[in-house]
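Using this note's numbering, read the sequence shown as starting at 171 and increasing by one per residue. This report concerns only the one structure given below.
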Amino acid sequence: MAKMRTVDAAVAILEKEGATEAFGLPGAAINPFYSAMRAHGGIRHTLARHVEGASHMADGYSRAADGNIGICIGTSGPAGTDMITGLYAAQADSIPMLCITGQAPVAKLHKEDFQAVDIESIAKPLTKFAMTILEPGQVPGAFQKAFQLMRSGRPGPVLLDLPIDVQMAEIEFDIDAYEPLPVEKPKASRKQLEKALDLLTAAKHPLIVAGGGIINAGASAQLVELAEILNVPVIPTLMGWGTIPDDHQLMAGMVGLQTSHRYGNETFLQSDFVIGIGNRWANRHTGGLDTYTAGRKFVHIDIEPTQIGRVFSPDLGIASDAGAALDGLLELARERQAANELPDYSGWVAECQERKGSLHRKTNFDNVPIKPQRVYQEMNKAFGRDTTYVSTIGLSQIAGAQMLHVFGARKWINAGQAGPLGWTAPAALGVVRGTPDATVVALSGDYDFQFMIEELAVGAQFNLPYIHVVVNNSYLGLIRQSQRGFNMEQNVSLAFENINSPETNGYGVDHIKVAEGLGCKAIRVEDPNDLPAAFDKAKALMGEFKVPVVVEVILEKITNISMGVEINGVNEFEELAETAADAPTAILTKA
């Protein structure tokens, strides 16, 4: 056995567990850990400008590819509290992420020492495991348990807090004798899945709701194969978007109050049976439960047993990893197909395709200032099937989800439940780290973009190229729209006359100057006909300089995006598409 510092043991464990991508900021109370990373050399570290930004980078990295676990590192005190929003975003969306904080010496923890805060207690509600490690000998076991919990059951983040004297202490440790703990995931039984399939095949108009758990399980291919064997349409949730390509004949659209398609909602309302796999029945997906559940039976399959029945009681609930459940359902479906025991749903599929081909929102506007719908139309033209989109919240994200197209798992990276403003830019940088060969395109409104705009410098420093489309209406657009019910527009305008940039024409912050000042490239677009050339130029600049490229699009200040409080009552504020020319990039547009 070799004697070494606990931090040297911890870094060796990171490598053996396959977590070698870190984002953070050093500080006095975490410097021993940084010295261990330097001595080891196998952990790549990206220096953030804000610890919250580092946590979102680690989150984005974890979301970018199957098996990734991003690491966020910070010093004691405010570094840990800065991570809390990042932990919340990861926990809400079932994302594994490891946060490591420095801490005051053990003997000082109850003496109000400088930057000594009880981060364990603060982080516990937002993690699967949070621990201040008080004994040096516990360090290997704490890391071992952390990795097991991150990967077992419903994935999620953990936080390990390391007092500086614990970091410096020496222990006996042999990395060759270390083994990761087994990952525990529930698996549906054949009998359970037979009952689920019996309920599905007894229906006339069944649907599969595909949630983010399918992406977490790396099981999108199994989902598509199951849908094809059964010939049953699929409704992806926002977190499950990409499990089935948008142009697949069985992709029936998204359902919900905001990030939904007209054809998706209409198809859902015509269904009589729904099997949800790896989803949580989010309220912006369901709307009012009486409307959502009326006239249809439900099977719910989720990896977390306490999720079943949390929102409403299904006719059958099954606790299972989505991948294991899909494997079992595939086996049963193949058997019944071979025995010619599957119903013919071709008529139902044709109905769904007819709706998908005709119920679209208009995108082809020529207005100046630009209407946001036109931006997404041009993005569909400019960016290919392999594009990975990153977004978080706001009218930009809602309209983007209504009008953009996604063609594969992990091609839509979104902080779905927490929706923290500022998440997009740092998360996009993490996605670039996780998929360096991918084309990454971020989408923000101006306020989301301004929240953590300093992280653009990280992309410039470390050559992390991506395109950031900023749709600028100088408004908190989603909040402004929600205030309509109160007959007010209170504290939602970001507009002002910029004395240093009169060319912004009263829109306020000069995002071009700020982005360039942070080492990036930037383009401003004011005419919709200039969008194709701007996106081409952005791709060229990204390739040449290997830095983030901002494409700021000046929008009309007020646009109300389609949404409502019931899935059968979504308000359509703009013109609807009547011909293919009204929505030329819509999938299966009806002439």
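We put the beta carbon where it would ideally sit given N, CA and C, even for glycine.
With which residues is His-470 paired in a DSSP beta bridge?
By 1-based counting over the sequence shown, the position of residue 470 is 300. Answer is Gly-446, Gly-487, bridged to His-470.
Nearest CA to the CA of Tyr-645: which residue from Ile-724, Val-519, Phe-193?
Along the sequence shown, one-based indexing puts residue 645 at 475. Among Ile-724, Val-519, Phe-193, the Cα nearest to that of Tyr-645 is on Ile-724.
Take Glu-354 as the anchor and find which of Val-695, Lys-315, Val-336, Glu-398 has the nearest alpha-carbon.
Within the sequence shown, residue 354 is the residue found at index 184, counting from 1. The option with the nearest alpha carbon to Glu-354 is Lys-315.
Closest to Gly-188 by C-alpha separation, out of Phe-619, Asp-607, Gly-240, Ala-612, would be which residue?
For the purposes of this step, residue 188 is taken as residue 18 along the sequence shown, with counting starting at 1. Here the closest residue by C-alpha is Gly-240.
Could you confirm whether any beta carbon from chain E is found closer than 7 Å to the beta carbon of Ser-566?
No chain E is present in this structure, which holds just one protein chain.
If distances are taken between C-alpha atoms only, which option among Gly-589, Ala-569, Val-602 comes closest to Leu-580?
Stepping through the sequence shown from its first residue, residue 580 is reached at position 410. Correcting the residue identity first, residue 580 is Arg in this sequence and not Leu. Ranking Gly-589, Ala-569, Val-602 by Cα distance to Arg-580 puts Val-602 first.
Pop quiz: Thr-245 and Ile-213 are said to be a contact at Cβ under 8 Å. What is the actual Cβ separation, rounded to whole angstroms?
Working through the sequence shown from its first residue, we reach residue 245 at position 75. Working through the sequence shown from its first residue, we reach residue 213 at position 43. Wrong, their Cβ atoms sit about 17 Å apart, outside the cutoff.
Give me the Cα-Cα distance between Met-658 and Glu-726, rounded to the nearest whole angstrom.
Your numbering for residue 658 matches position 488 in the sequence shown. Your numbering for residue 726 matches position 556 in the sequence shown. Roughly 19 Å separates the two Cα atoms.
When you compare each of Leu-351, Thr-302, Thr-271, Met-267 to Met-764 by their alpha carbons, which one comes out closest?
Shown here, the chain extends from 171 to 761; a query on residue 764 therefore has no answer.
Gly-457 classed as buried or exposed, judged by whether at least 16 other C-beta atoms fall within 10 angstroms
Counting from 1 along the sequence shown, the entry for residue 457 is found at position 287. With 16 or more Cβ atoms within 10 Å of its Cβ, Gly-457 is classed as buried.
Figure out for me which residue from Glu-222, Lys-707, Gly-197 has the closest Cα to the Cα of Leu-591.
For the purposes of this step, residue 591 is taken as residue 421 along the sequence shown, with counting starting at 1. Ranking Glu-222, Lys-707, Gly-197 by Cα distance to Leu-591 puts Glu-222 first.
In or out: Val-640 buried (at least 16 other Cβ within 10 Å) or exposed?
Counted from its first residue, the sequence shown places residue 640 at position 470. Buried, because 16 or more other Cβ atoms sit within 10 Å of the Cβ of Val-640.
Am I right that Arg-450 and Gln-477 are in contact with their C-beta atoms under 8 Å? What's the rounded C-beta distance?
Taking the sequence shown and counting its residues from 1, the one referred to as residue 450 is at position 280. Taking the sequence shown and counting its residues from 1, the one referred to as residue 477 is at position 307. Arg-450 to Gln-477, Cβ: 6 Å. Contact.
The beta strand (DSSP E) spanning Phe-193 covers which residue range?
Here residue 193 corresponds to residue number 23 of the sequence shown, with the count starting at 1. For Phe-193, the enclosing beta strand (DSSP E) begins and ends at 191-194.
With 16 other Cβ atoms within 10 Å as the buried cut-off, status of Asp-616
Reading the sequence shown from its first residue, position 446 is the one you call residue 616. Counting Cβ neighbours within 10 Å, Asp-616 comes out buried, since at least 16 surround it.
Give me the residue from Tyr-677, Ile-623, Thr-271 with the minimum Cα distance to Glu-686.
As a first step, residue 686 is located in the sequence shown; it is residue number 516 there, counting from the start. The shortest Cα separation from Glu-686 among Tyr-677, Ile-623, Thr-271 belongs to Ile-623.
Would you tell me roughly how many angstroms separate the C-alpha atoms of Val-610 and Ala-692, rounded to the nearest one?
Taking the sequence shown and counting its residues from 1, one reaches residue 610 at position 440. Taking the sequence shown and counting its residues from 1, one reaches residue 692 at position 522. The alpha-carbon atoms of Val-610 and Ala-692 are separated by roughly 16 Å.
Is the beta carbon of Pro-151 less than 7 Å from the beta carbon of Thr-371?
Missing from the structure shown is residue 151; the chain here goes from 171 to 761 and no further.
Rounded to the nearest angstrom, how far is the Cβ of His-226 from that of Ala-597, given a contact under 8 Å?
Along the sequence shown, one-based indexing puts residue 226 at 56. Along the sequence shown, one-based indexing puts residue 597 at 427. Right, the Cβ-Cβ distance comes to about 5 Å (below 8 Å), so this counts as a contact.
Give the DSSP-derived three-state secondary structure of Trp-767 in the structure shown.
Residue 767 is absent from the model: the chain starts at 171 and stops at 761.
Keeping to the same chain, check which residues put their C-beta closer than 7 Å to that of Lys-365; ignore five residues upstream and five downstream.
Within the sequence shown, numbered from 1, the residue matching residue 365 stands at position 195. These residues qualify, in order along the chain: Leu-486.
Excluding five sequence neighbours on each side, which residues of the same chain lie with their C-beta closer than 7 Å to the C-beta of Cys-522?
Indexing the sequence shown from 1 puts residue 522 at position 352. Hits under 7 Å: Pro-403, Ala-422, Thr-437.
Nearest to Ala-172 (by Cα), restricted to the options Gly-448, Tyr-546, Ala-347, Ile-649:
As a working note, residue 172 is residue 2 in the sequence shown. Selected option, being the one with the closest Cα: Ala-347.
Secondary structure of Met-253, DSSP reduced to three states:
On the sequence shown, position 83 is the one that residue 253 refers to. Looking at Met-253 - three-state DSSP - the assignment turns out to be coil, as it is neither helix nor strand.
Runs of 4 residues minimum, wholly inside the stretch 288-359: which ones carry the alpha helix (DSSP H) assignment?
289-293, 309-321, 334-338
DSSP state of Gly-554 mapped onto helix, strand, coil
Residue mapping note: residue 554 aligns to position 384 of the sequence shown, counting from 1. DSSP places Gly-554 in coil when its eight states are reduced to three.
Following the continuous beta strand (DSSP E) through Glu-395, name the residue where it begins and the one where it ends.
Translated into positions along the sequence shown, residue 395 becomes position 225. Premise fails: Glu-395 lies in the alpha helix (DSSP H), 390-400, not in any beta strand (DSSP E).
Rounded C-alpha distance that separates Arg-525 from Tyr-515
Against the sequence shown, residue 525 aligns to sequence position 355. Against the sequence shown, residue 515 aligns to sequence position 345. Taking the Cα positions, Arg-525 is about 16 Å away from Tyr-515.
Alpha carbon to alpha carbon, what distance is there between Leu-529 and Gly-448?
In the sequence shown, counting from the first residue as 1, residue 448 sits at position 278. In the sequence shown, counting from the first residue as 1, residue 529 sits at position 359. The straight-line gap from Cα to Cα measures roughly 27 Å.
What are the boundary residues of the beta strand (DSSP E) that Asn-642 is part of?
Here residue 642 refers to the residue found at position 472 when the sequence shown is read from its first residue. Run containing Asn-642: 637-642, per the beta strand (DSSP E) assignment.
Does the Cβ of His-280 have 16 or more other Cβ atoms within 10 Å, making it buried, or fewer, making it exposed?
As a first step, residue 280 must be located in the sequence shown, where it is residue number 110. It counts as exposed.
Would DSSP call Pro-513 helix, strand or coil?
Translated into positions along the sequence shown, residue 513 becomes position 343. Note: Pro-513 maps to coil in three-state DSSP.
Rounded to whole angstroms, what is the Cα-Cα separation between Thr-407 and Gln-567?
Indexing the sequence shown from 1 puts residue 407 at position 237. Indexing the sequence shown from 1 puts residue 567 at position 397. So the two alpha carbons sit approximately 14 Å from each other.
Evaluate Phe-656 with the Cβ neighbour count: other Cβ atoms within 10 Å of its Cβ, from every protein chain shown; 16 or more gives buried, anything less gives exposed.
Taking the first residue of the sequence shown as 1, we reach residue 656 at position 486. Exposed, because fewer than 16 other Cβ atoms sit within 10 Å of the Cβ of Phe-656.
Under the rule that 16 or more other beta-carbon atoms within 10 Å means buried, what is Gly-554, buried or exposed?
The sequence position of residue 554 within the sequence shown is 384, counting from 1. Under this definition Gly-554 is an exposed residue.
Could you check how far apart the C-beta atoms of Asp-288 and Gln-392 are, in whole angstroms? I think they sit under 8 Å.
Mapped onto the sequence shown, residue 288 falls at position 118. Mapped onto the sequence shown, residue 392 falls at position 222. At roughly 44 Å, the Cβ-Cβ gap does not stay under 8 Å, so Asp-288 and Gln-392 are not in contact.
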